[in-house]
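Visitor: Just remember that the working numbering sits 11 ahead of the position in the sequence shown, which is counted from 1. Note that CB positions come from ideal geometry on N, CA and C, so glycine has one too. After the structure tokens below, expect a handful of questions from me.
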Amino acid sequence: MAHVTTTRMDDITERLPEIAVPTLLVCGDEDPSLGPMRVMAATVKHAEFVLLSPAGHFANRDQPEPFNRAVLEFLAGLGA
12 MAHVTTTRMD DITERLPEIA VPTLLVCGDE DPSLGPMRVM AATVKHAEFV
62 LLSPAGHFAN RDQPEPFNRA VLEFLAGLGA
């Protein structure tokens with residue numbers, strides 16, 4: 012991934028409380044974005060946080076069955 016460069020991203024942390032819809036956050040325990048995901052989980056009002064282990068940034072690939080189960084349970088809770 013040597014071709015990937017750092018991209019400037021705006022800090023939207025203060026706007027996270029504006030999210031007013033049910034939100035599923037799935038993260039691997041070895042994902043470099045675990046810290047920001049925990050902040051999102053604590054800040055988004057209707058967030059459900061699922062931590063998969065062992066898993067990295069591609070938790071859906073590393074733990075496909077638990078990932079799919081988490082998504083299906085989340086959707087079932089919405090009445091979807």
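Count Cβ pairs between the stretch 61 to 77 and the stretch 35 to 48 that sit closer than 8 Å; are there 3 or more?
Guide: Contact between the stretch 61 to 77 and the stretch 35 to 48 is present, because at least three Cβ pairs lie under 8 Å.
Visitor: Which partner residues does Gly-39 have in the DSSP bridge list?
Guide: Locating residue 39 in the sequence shown gives position 28, where the first residue counts as 1. Bridge partners of Gly-39: Leu-63.
Visitor: Give me the Cα-Cα distance between Ala-87 and Ala-81, rounded to the nearest whole angstrom.
Guide: Taking the first residue of the sequence shown as position 1, residue 87 is located at position 76. Taking the first residue of the sequence shown as position 1, residue 81 is located at position 70. Cα-Cα distance, rounded: 10 Å.
Visitor: Looking only at its own chain, which residues have a Cβ that is under 6 Å from the Cβ of Met-48, when we skip the five neighbours before and after it?
Guide: Position 37 of the sequence shown, counting from 1, holds the residue named residue 48. Correct list, in chain order: Leu-36 and Cys-38.
Visitor: For Leu-89 and His-57, what's the separation of their Cα atoms in angstroms?
Guide: Stepping through the sequence shown from its first residue, residue 89 is reached at position 78. Stepping through the sequence shown from its first residue, residue 57 is reached at position 46. Their Cα atoms are separated by approximately 12 Å.
Visitor: Give me the residue from Phe-78, Pro-77 and Ala-53 with the minimum Cα distance to Glu-29.
Guide: As a position in the sequence shown, residue 29 is number 18, starting the count at 1. Answer by Cα proximity: Ala-53.
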